[in-house]
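Chains as they are written, first to last, in my numbering: chain A, 5 to 636; chain B, 5 to 357. Okay, structure first, notes after.
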Amino acid sequence: MSSRLQNAVGAVLAIMAAASIAVALWSDHTARAASDDGENYASPLEVLLSPDGARLYVLCEQSDEVRVLNAASYASIKNISVGRAPRGFSLSPDGKRLFVTNSWDDTLSVIDTAKLSVAATWPVSAEPSSVVEDRAGRRLYVANRISNDIAVLDAATGVEEKRLLAGRGASYLAISPDGSRIYATHIYPNPSPVRTGLENRMAPESEITEIDAARAVVVERIPLHSIAGVFHVAISGDGRLGAVAEYHPKNLVPLAHLEHGGAFAYTLTLFGADVGKTVEVSLDELERYASQPFGVAIAPDKSRIYVTCGGSEIVTVLDVVRLLRFIRGHKGPFTRDLSASANYVVARIPVGHNPRGLTLSRDGRRLFVANRLDDTISAIDTKTNLVTATVKLAGPTTVSAPRRGEQTFYTARYSFQGQIGCSSCHIDSTFDGLTWDLEPDGFGRDIVDNKMLEDIKDTEPYKWNGGNPDIPTECGPRTEKYFWRSETYDNLTLANLAVYVRSLPPRPNRWLQAGGESTPAQERGKAIFERDVDKFKKPIPELNRCSYCHSGPKGTSQKLFDVGTRKPTDNTGVLKAPMLTNIALTAPYLHDGSARTLEEIWTVFNPDDKHGRTNDLTKDELNDLIEYLRSR
Amino acid sequence: MKKLYAIALLLAAGTLAFGAPPKMPVFRFENFTTANGLPDNHVFTVLVDGDRVWAGTENGLAVYENHAWKSYTAADGLAHRAVLALALDKRTGDVWAGTMGGLSRVSGGRIESYTQLNSGLSNDVVYGVSVEGENVWVATAAGGCRLNVRTGQWSLYNERNTPMAEIWTYAVSATPTKVYYGVWGSGVLEFDQKTGRWDRYDDPDGENEMVLFKDQGLIHEIVTSVSYVDNILWAATYFGDSRYDGRYWHNFLAKDSGLPSNFTNVVKGVDGKRAWFGTDKGLAFYDGENWAVYRPSLADGKPEMTVRDAAGKITSVAVATAPAHNYILGIDFQGRDIWVATAKGLSHGIHQP
Numbered sequence: 005m006s007s008r009l010q011n012a013v014g015a016v017l018a019i020m021a022a023a024s025i026a027v028a029l030w031s032d033h034t035a036r037a038a039s040d041d042g043e044n045y046a047s048p049l050e051v052l053l054s055p056d057g058a059r060l061y062v063l064c065e066q067s068d069e070v071r072v073l074n075a076a077s078y079a080s081i082k083n084i085s086v087g088r089a090p091r092g093f094s095l096s097p098d099g100k101r102l103f104v105t106n107s108w109d110d111t112l113s114v115i116d117t118a119k120l121s122v123a124a125t126w127p128v129s130a131e132p133s134s135v136v137e138d139r140a141g142r143r144l145y146v147a148n149r150i151s152n153d154i155a156v157l158d159a160a161t162g163v164e165e166k167r168l169l170a171g172r173g174a175s176y177l178a179i180s181p182d183g184s185r186i187y188a189t190h191i192y193p194n195p196s197p198v199r200t201g202l203e204n205r206m207a208p209e210s211e212i213t214e215i216d217a218a219r220a221v222v223v224e225r226i227p228l229h230s231i232a233g234v235f236h237v238a239i240s241g242d243g244r245l246g247a248v249a250e251y252h253p254k255n256l257v258p259l260a261h262l263e264h265g266g267a268f269a270y271t272l273t274l275f276g277a278d279v280g281k282t283v284e285v286s287l288d289e290l291e292r293y294a295s296q297p298f299g300v301a302i303a304p305d306k307s308r309i310y311v312t313c314g315g316s317e318i319v320t321v322l323d324v325v326r327l328l329r330f331i332r333g334h335k336g337p338f339t340r341d342l343s344a345s346a347n348y349v350v351a352r353i354p355v356g357h358n359p360r361g362l363t364l365s366r367d368g369r370r371l372f373v374a375n376r377l378d379d380t381i382s383a384i385d386t387k388t389n390l391v392t393a394t395v396k397l398a399g400p401t402t403v404s405a406p407r408r409g410e411q412t413f414y415t416a417r418y419s420f421q422g423q424i425g426c427s428s429c430h431i432d433s434t435f436d437g438l439t440w441d442l443e444p445d446g447f448g449r450d451i452v453d454n455k456m457l458e459d460i461k462d463t464e465p466y467k468w469n470g471g472n473p474d475i476p477t478e479c480g481p482r483t484e485k486y487f488w489r490s491e492t493y494d495n496l497t498l499a500n501l502a503v504y505v506r507s508l509p510p511r512p513n514r515w516l517q518a519g520g521e522s523t524p525a526q527e528r529g530k531a532i533f534e535r536d537v538d539k540f541k542k543p544i545p546e547l548n549r550c551s552y553c554h555s556g557p558k559g560t561s562q563k564l565f566d567v568g569t570r571k572p573t574d575n576t577g578v579l580k581a582p583m584l585t586n587i588a589l590t591a592p593y594l595h596d597g598s599a600r601t602l603e604e605i606w607t608v609f610n611p612d613d614k615h616g617r618t619n620d621l622t623k624d625e626l627n628d629l630i631e632y633l634r635s636r
Numbered sequence: 005m006k007k008l009y010a011i012a013l014l015l016a017a018g019t020l021a022f023g024a025p026p027k028m029p030v031f032r033f034e035n036f037t038t039a040n041g042l043p044d045n046h047v048f049t050v051l052v053d054g055d056r057v058w059a060g061t062e063n064g065l066a067v068y069e070n071h072a073w074k075s076y077t078a079a080d081g082l083a084h085r086a087v088l089a090l091a092l093d094k095r096t097g098d099v100w101a102g103t104m105g106g107l108s109r110v111s112g113g114r115i116e117s118y119t120q121l122n123s124g125l126s127n128d129v130v131y132g133v134s135v136e137g138e139n140v141w142v143a144t145a146a147g148g149c150r151l152n153v154r155t156g157q158w159s160l161y162n163e164r165n166t167p168m169a170e171i172w173t174y175a176v177s178a179t180p181t182k183v184y185y186g187v188w189g190s191g192v193l194e195f196d197q198k199t200g201r202w203d204r205y206d207d208p209d210g211e212n213e214m215v216l217f218k219d220q221g222l223i224h225e226i227v228t229s230v231s232y233v234d235n236i237l238w239a240a241t242y243f244g245d246s247r248y249d250g251r252y253w254h255n256f257l258a259k260d261s262g263l264p265s266n267f268t269n270v271v272k273g274v275d276g277k278r279a280w281f282g283t284d285k286g287l288a289f290y291d292g293e294n295w296a297v298y299r300p301s302l303a304d305g306k307p308e309m310t311v312r313d314a315a316g317k318i319t320s321v322a323v324a325t326a327p328a329h330n331y332i333l334g335i336d337f338q339g340r341d342i343w344v345a346t347a348k349g350l351s352h353g354i355h356q357p
């Protein structure tokens, strides 16, 4: 054996050994990495100050808590348990109630801020991700990520009045200072409204959903062209300037061109009277990207905009006067101009791992930032733009292997010029609703749909063509070669990353009834899924049965098949049967995202029954089959 | 003086005795065509949403707001340019459009379309749509559908799970208690929301186009429109119209009512007593006793309004305007005003005091 080969084998063994140890340590089936001793990390996701500025509320995603700190001394006042995986929170206008959306158990916790205890827990819709109350205290608005809508609730009782159609993956809300408007954003692009046959090659479209708070109806949808991944939205105190943090993916050109700036622009879209039409401005700079912008805050005097950049681990500070002067004095577009930000970005403040939510004190002098992946809060003096304190939240004192893997997953530090991290495309460890041109095999060849990561443990091989035999290969050489174009992982880092990715559990399926019961339609669909004779009593060959290729608890036989979906631009039509876990969430479908819906897999792309025997089904029966698949 | 008073009384009594026409609503019609902004003159349906008016035409969906028309076409995501039916979700303000190529949801200016290929919709030809709570009920050329917008689940209703003899559903009217489908050649289907049971109402004369038993059931099997208001079902057919109170049927034919024609495209109940009918020979209003017809005269095209009282006496009322055309396809109300979709334009009937 050559020494080179020996080294290679040794490296693989080291990775596998590290992975095995870490997997053994990993037993907690929550959404995020646990510590070595099993104690949950806090994972602060959002922060808020009480109206009097005395308390700091910290939303802890992994420990399922709101932690209350003294905003001056940072001493702990109380930890309040809420529902599972809380994702968003906000105070009532009078500060007496704190509303928390619990994304994994679909509830809303109402905290009495005088007693610091949960006064009520209301059921809401699918994956509630943020909440605001109107100024009158009459209605609550809840953004639901899975049901793609905004639920309107009675603020006194929690009873749902109605739901408003929002963007796909509705997640973040803000109310205008005068209370007249509510703005909502969403993290996945909206489906293409027109069938052209090239939807999977069209630039994504997103929106800011504008709601009239008096009538609780959508009055406008502000278009965000070429945007996929819209996060927090903030409105200035005078109501004249709004800003949303967003990703501007360049998924129509090969990702291998990262060194040519080919993956993402990270931007803000400004809207409101100060700018007239919407204006998209870059946060990136020459040779360094502001990866994965998330939280936005506008100073009370509108002098500054602060943006957390989760992948770059910084807070980007924009001077609003200079920003508006630049916009008014130059002809856009500014998105791809990496030199533009030098005109208005005045500071990039390093903070902790994966900074997310942020909040300003009422006087604008202090800025607090939640560093999700190292359990700290950064306190920043906005005059000096320096971190004055890093507050460590109580919790595990060591950093476990999965936790390190999660940090690696979310950082952009390994990629060329800090452009992307795994989470740039796998938003919140899920997917992004986009198709990508990954390989350096020519423009437009081998377009692939980005798949969900949850529950992928033990479903190897990976990639649509099954080219990667395991997760370390998927996350290591492939990523380094095609994506990062920069620093490679050392063995331990890669092992930790693999452990984290393998640990991602599936979120609860929202299409099953309470108790996991199936509906009659789902039962009928299951029978179709499992059938071995068609409606004409003819036996269905194994390769044409749903349950043959999509076998097992995760709905994949882990084998490769040709289901007749190869396009002229594909290098192969032999593809791995994808797993079915939560398949209802992950449109578009097929390897290249050419099917916008589950229905289209069979109504458009299965003319010869190669993708299962389905052409004997009536429309009712196909609907039943889809109802069953949605329950997987 | 006493003499004068007696004469006046006599005159008044004489007027009543000799059949002074009952007071029926009078309108001044303003008509819209392509000349003033409509995308097409062939208007299938009209929907009022507060100050906004939506018109489904053969060439796009148009909305009239602030004295201007704006149109949506397939390029905007509309399922098809020909819009046959419209319904409003009063809670959210979303408008649902049934088209020749699928079902579209217009929400805050964004359009999402459902077709038989990309969704559970049973057929792309959507003749009717009605919103009830979180359910959107749809009448298609291949049966009825219900989309639950909360769960995204589609339920299909056809010959396999309802007493539908034909699956060409032409109209739907949904309420929290009952849902009615008008079926082309299969009468009226009733769905009881509480029990989940379907019932079917047929013409007792079968498919015979002679009326042998007038008030013993639905007037005809070819049902074009249904409207369920105040627990009363109004049903329109090409061979007359029906009113059903849950126990008794009352039918209307041109020969023995004020209906200008048996060929009725649309009926819209105001309440359990009053209804508007859109026929091929004009627009008609029934107030429970009397009838009024509004149209361009069949003889000379001049604006015409006639009133038929309960005794059958017909009186002309002088008017200066009429709906854009006699072939009426859609009706909706805006306060005391009426909007009328016709084969050659959209008409706004402005109520005259």
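Just so it is clear, CB atoms sit at the ideal spot from N, CA and C, and this is done for glycine as well. Since the model is a prediction, treat every value here as computed from it, not as a measurement.
Query raised in the report: What are the boundary residues of the beta strand (DSSP E) that S94(A) is part of?
Result: Taken as a continuous stretch (DSSP letters only), the beta strand (DSSP E) holding S94(A) covers 90–95.
**Report entry** Helix, strand or coil at N469(A) [DSSP, three-state]
**Finding:** coil
Requested in this report: Taking A79(B) as the query, report the chain A residues whose CB atoms sit under 8 Å from its CB, ordered along the chain.
Outcome: Within 8 Å Cβ-Cβ: V198.
Query raised in the report: Does the beta-carbon of V52(B) have 16 or more other beta-carbons within 10 angstroms, so that it is buried, or is it exposed?
Result: buried
Query raised in the report: Can you find a CB in chain A that lies within less than 7 Å of the CB of S75(B)?
Result: no
Query raised in the report: Beta-carbon of E604(A) versus every beta-carbon of chain B: anything under 7 Å?
Result: yes
Query - Run of the beta strand (DSSP E) containing K530(A), from where it starts to where it stops - result: Premise fails: K530(A) lies in the alpha helix (DSSP H), 524–534, not in any beta strand (DSSP E).
**Report entry** 6 Å CB neighbourhood of G246(A) in its chain, flanking five on each side removed
**Finding:** I239, F275, G276
Report task. Name, please, each residue of chain B whose Cβ falls closer than 8 Å to the Cβ of L584(A). Result -> Residues of chain B with a Cβ closer than 8 Å to the Cβ of L584(A) do not exist; the shortest Cβ-Cβ separation is about 17 Å.
Query raised in the report: For a contact meaning CB atoms closer than 9 Å, what does G148(B) contact in chain A?
Result: Per Cβ cutoff of 9 Å: no residues; G148(B) is ~12 Å from chain A at best.
Report task. Go ahead and pull the three-state DSSP assignment for N40(B). Result -> Helix, per DSSP.
**Report entry** Pairwise C-alpha distance: S108(B) and N269(B)
**Finding:** Each residue's alpha carbon lies about 22 Å from the other.
**Report entry** Chain-order list of residues whose beta-carbon lies under 6 Å from that of D128(B) (same chain, five-residue window excluded)
**Finding:** G105, G106, T119, Q120
Report task. Determine contact between the stretch 607–621 of chain A and the stretch 202–214 of chain A, defined as no fewer than three beta-carbon pairs at a distance below 8 Å. Result -> no
Report task. Measuring only between beta-carbons, confirm whether R225(A) sits less than 7 Å from chain B. Result -> yes
Report task. Compile a chain-ordered list of the residues in the stretch 156–169 of chain B whose CB is closer than 9 Å to at least one CB of chain A. Result -> So the list reads G156, Q157, W158, S159, L160, N162, R164, N165, given in the order they occur along the chain.
Query raised in the report: At a CB-CB cut-off below 9 Å, which residues of chain B make contact with E631(A)?
Result: G124, Q157, W158
Report task. Helix, strand or coil for A374(A), going by three-state DSSP, please let me know. Result -> strand
Query raised in the report: Given C553(A), which residues of its chain have a CB within under 6 Å of its CB, disregarding the five upstream and five downstream residues?
Result: S561, F565, A581
Query raised in the report: Are at least three pairs of beta-carbons, each pair with one atom in the stretch 320–328 of chain A and one in the stretch 294–310 of chain A, less than 8 Å apart?
Result: yes
Query raised in the report: Which of the three DSSP states, helix, strand or coil, is assigned to E546(A)?
Result: helix
**Report entry** In DSSP terms, what T273(A) is bridged to
**Finding:** V248(A), E284(A)
Query - Distance, G262(B) Cα to V297(B) Cα - result: Taking the straight line joining both Cα atoms gives about 8 Å.
Requested in this report: To the nearest angstrom, report how far apart G42(A) and V503(A) are at their CA atoms.
Outcome: 15 Å
Report task. Identify each residue in the stretch 98–112 of chain B for which the Cβ-Cβ distance to at least one residue of chain A is less than 8 Å, and report them in chain order. Result -> D98, R109, S111, G112
Report task. Give the range of the beta strand (DSSP E) segment to which Y176(A) is assigned. Result -> Looking at the DSSP string, the run of the beta strand (DSSP E) that includes Y176(A) is 174–179.
Requested in this report: Measure the CB-CB distance between L516(A) and A232(A) and report whether it falls below 7 Å.
Outcome: no
Report task. Rounded to whole angstroms, what's the CA-CA distance from A220(A) to E170(B)? Just pull it up for me. Result -> 41 Å
**Report entry** Residue of G171(A), S180(A), I81(A) minimising C-alpha distance to I226(A)
**Finding:** For I226(A), the nearest C-alpha among the options comes from G171(A).
Report task. Would you identify the three-state DSSP class for L51(B), choosing helix, strand or coil? Result -> strand
**Report entry** Anticipated Cβ contact below 8 Å, G315(A) with Q296(A), distance rounded
**Finding:** 4 Å between Cβ atoms; contact.
Query raised in the report: So which residues on chain A does Q120(B) lean against when the C-beta distance must stay under 8 Å?
Result: T607, K623
Query - Inter-residue Cα distance where the pair is L53(A) and T497(A) - result: Inter-residue distance for L53(A) and T497(A) is about 36 Å (C-alpha atoms, whole angstroms).
Query - Sufficient close CB pairs (3 or more, under 8 Å) joining the stretch 588–600 of chain A to the stretch 479–495 of chain A - result: no
Requested in this report: Please work out which residues of its chain come closer than 6 Å, Cβ to Cβ, to S94(A), disregarding the five sequence neighbours upstream and downstream, and give them in chain order.
Outcome: F103, V135, V136
Report task. For chain B, find out if any of its Cβ atoms is closer than 7 Å to the Cβ of K166(A); answer yes or no. Result -> Answer yes: the Cβ-Cβ gap between K166(A) and chain B drops below 7 Å somewhere.
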